[in-house]
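Peer 1: Questions regarding the structure given below will be posed in turn.
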Amino acid sequence: MLAKGLDLRPSNMKRLLMLSLLVVFGVAGAQAQTAVGGTVTHFANTSMLKPPAGDKIAVIEWEDLECPACSHAFPIVHEAVKHYNIPLVRYDFMIPGHTWSKQAEIEARYMQDNFGMDYATEYRREVFASQYKIASVDDLNRFTLQFLQAHGGKQLPFVMDPKYLAEVQTDHNLGMKLGLMETPTIVVVTAKEWIQVKDPMQLYAAIDKAEADIGMKSTARSSNDSSSALPTTDSAPAETQTASAPAPSPTPAVPAPTPAVPAEQAQESSHTGMYVAIGVGALVVGGAVVLMMKRKSSV
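Note that the working numbering has the sequence shown beginning at 40, numbered continuously upward.
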């Protein structure tokens with residue numbers, strides 16, 4: 040059935056073989072991305088995984104202020120970008136079932152626009168550090184009021200401009216477009232590749248690799264020195280995103296710990312697509328050859 044209407048003369052077999060190889064290596068090349076600290080996620084759309092204009096390398100992160108794993112990653116990520124003097128592109132991603140993170144993210148956006156980026160970053164830092172004390176929106180309101188009083192006596196508006204909710208929602212929708220499944224999602228990006236960081240403790244190794252791949256001289260210390268700068272807190276499990284629509288749903292988040300593996304082994308996951316494609320190509324060519332041999336034997 041496969042060969043019906045297909046010209047399997049020897050003169051056409053070479054063409055068929057070349058076409059199969061082009062398909063095989065074309066598909067394999069599209070999968071040449073890597074991860075450290077776990078298996079690379081097969082994202083849906085990676086068009087946003089690139090550095091800001093004018094930068095050669097950057098760290099991109101999606102986080103949720105109610106996510107314990109994000110709390111663990113926050114100091115590591117911010118110390119790393121400071122250490123290497125590279126930009127951090129941060130996005131909000133609302134996990135279904137989290138009761139107060141959306142409001143906290145909206146308030147952080149307001150602070151960023153009106154009080155400055157450093158002020159908003161400090162607010163996020165202290166929210167993460169105080170997660171254990173915040174169980175509801177009322178708890179968050181009390182925490183935010185205390186934070187504002189302790190940091191210059193500033194105030195939030197009685198009615199928040201809806202543009203800040205829209206900004207948070209835009210970030211969330213971008214994560215859905217990516218096919219994001221967990222927070223934090225951390226990716227080191229250059230113009231030629233991206234490296235997903237499944238274990239934040241492997242972030243320094245990922246940045247070192249990215250800089251080496253683009254021939255960029257590292258501004259950081261050696262890997263032995265930089266590893267000593269990392270916090271020694273226990274790793275927290277990533278939070279799994281199970282929503283299929285852009286808007287968050289009340290489905291509870293499910294913890295999904297990811298096992299850490301050496302960085303040099305993580306590249307194996309990027310070859311999975313290549314192996315599948317080679318197998319498909321081999322089946323096509325092998326089937327064609329067998330059919331040709333049967334056709335000759337019947338003549």
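Think of the CB as a built atom: it goes at the ideal place given N, C-alpha and C, for glycine as much as any other residue.
1. Going by C-alpha to C-alpha distance, which of SER140, LEU88, ASP94, ILE99 sits closest to ASP178?
2. Taking only the alpha-carbon atoms, compute the straight-line gap between MET150 and ALA159 and give it to the nearest angstrom.
3. What are the residues that DSSP puts in a beta bridge with LEU127?
4. From LYS231, ALA143, GLY218, ASN180, pick the residue whose C-alpha is nearest to that of LYS95; which is it?
5. Going by Cα to Cα distance, which pick from PHE113, VAL98, SER86, GLU206 is closest to ILE125?
6. If you check the beta carbons only, do VAL128 and ALA245 fall under 8 Å apart?
7. Do you know how far the Cα of GLU102 is from the Cα of ASP384?
8. Just to confirm, are PHE132 and HIS81 a CB contact at a threshold of 8 Å?
9. How about ALA112 and ILE225: are their beta carbons less than 8 Å apart?
10. Report the option in PRO223, ILE173, TRP233 whose CA atom is closest to the CA atom of SER86.
11. Compare the Cα-Cα distances from GLU221 to each of VAL228, LEU184, ASP238 and report the closest residue.
12. Do ALA83 and GLY214 have their CB atoms nearer than 8 Å?
13. Buried or exposed for LEU184, please, with buried defined as at least 16 other CB atoms from any protein chain shown within 10 angstroms of its CB.
14. Under the assumption that THR209 contacts PRO90 (Cβ atoms under 8 Å), give the Cβ distance between them as a whole number of angstroms.
15. Considering only the alpha carbon of each residue, which of HIS122, TYR130, MET199 lies closest to LYS216?
16. Leaving aside the five residues before and after GLN142 along the sequence, list all residues of the same chain whose C-beta is less than 7 Å from its C-beta, in chain order.
17. On the CB-based measure, 16 or more other CB atoms within 10 Å of its CB, does TYR123 come out buried or exposed?
18. Is GLN194 helix, strand or coil when you go by DSSP?
19. Under 6 Å Cβ to Cβ from VAL166, same chain only, skipping five residues before and after it: list those, please.
20. I believe ILE145 touches LEU204 by the beta-carbon criterion, under 8 Å. Please report the beta-carbon distance rounded to the nearest angstrom.
21. Have a look at the DSSP bridge pairing and note the partners of VAL75.
22. Have a look at ALA174 and ASP252 and give me their C-alpha separation to the nearest angstrom.
Peer 2: Let me lay it out:
1. Within the sequence shown, residue 178 is the residue found at index 139, counting from 1. Nearest option by C-alpha distance: SER140.
2. Reading the sequence shown from its first residue, position 111 is the one you call residue 150. Reading the sequence shown from its first residue, position 120 is the one you call residue 159. Each residue's Cα considered, the two are about 5 Å apart.
3. Here residue 127 is taken as the residue at index 88 of the sequence shown, counted from 1. VAL98.
4. For the purposes of this step, residue 95 is identified with residue 56 of the sequence shown, where counting begins at 1. Minimum Cα distance to LYS95 is reached at LYS231.
5. Residue 125 sits at position 86 when you count from the first residue of the sequence shown. Of PHE113, VAL98, SER86, GLU206, the residue nearest in Cα terms is VAL98.
6. Counting from 1 along the sequence shown, the entry for residue 128 is found at position 89. Counting from 1 along the sequence shown, the entry for residue 245 is found at position 206. Not closer than 8 Å, so no.
7. As shown, the chain starts at 40 and ends at 338. That puts residue 384 outside it, with no answer to give.
8. Translated into positions along the sequence shown, residue 132 becomes position 93. Translated into positions along the sequence shown, residue 81 becomes position 42. Contact: no.
9. Stepping through the sequence shown from its first residue, residue 112 is reached at position 73. Stepping through the sequence shown from its first residue, residue 225 is reached at position 186. In this structure, ILE225 lies closer than 8 Å to ALA112 by Cβ.
10. Here residue 86 refers to the residue found at position 47 when the sequence shown is read from its first residue. Residue TRP233 is the option with its Cα nearest to SER86.
11. As a first step, residue 221 must be located in the sequence shown, where it is residue number 182. For the residues VAL228, LEU184, ASP238, the minimum Cα distance to GLU221 belongs to ASP238.
12. Along the sequence shown, one-based indexing puts residue 83 at 44. Along the sequence shown, one-based indexing puts residue 214 at 175. No, they are not a contact pair.
13. Locating residue 184 in the sequence shown gives position 145, counting from the first residue. Exposed is the call here.
14. Within the sequence shown, numbered from 1, the residue matching residue 209 stands at position 170. Within the sequence shown, numbered from 1, the residue matching residue 90 stands at position 51. Not really, about 20 Å apart at Cβ, beyond 8 Å.
15. As a first step, residue 216 must be located in the sequence shown, where it is residue number 177. Out of HIS122, TYR130, MET199, TYR130 has the C-alpha closest to the C-alpha of LYS216.
16. Reading the sequence shown from its first residue, position 103 is the one you call residue 142. The residues are VAL176, LEU179.
17. Residue 123 sits at position 84 when you count from the first residue of the sequence shown. That one is buried.
18. Position 155 of the sequence shown, counted from the first residue, corresponds to residue 194. In this structure, GLN194 counts as coil in the three-state DSSP scheme.
19. Within the sequence shown, residue 166 is the residue found at index 127, counting from 1. Once the five neighbours on either side are set aside, the close Cβ partners of VAL166 are LEU104, ALA143.
20. Walking along the sequence shown from the start, residue 145 turns up at place 106. Walking along the sequence shown from the start, residue 204 turns up at place 165. Their Cβ separation, rounded to whole angstroms, is 5 Å, which keeps ILE145 and LEU204 in contact under 8 Å.
21. As a first step, residue 75 is located in the sequence shown; it is residue number 36 there, counting from the start. When beta bridges are read from the DSSP output, VAL75 appears opposite VAL236.
22. Along the sequence shown, read from residue 1 onward, the residue named residue 174 stands at position 135. Along the sequence shown, read from residue 1 onward, the residue named residue 252 stands at position 213. Answer to the nearest angstrom: the Cα atoms are 44 Å apart.
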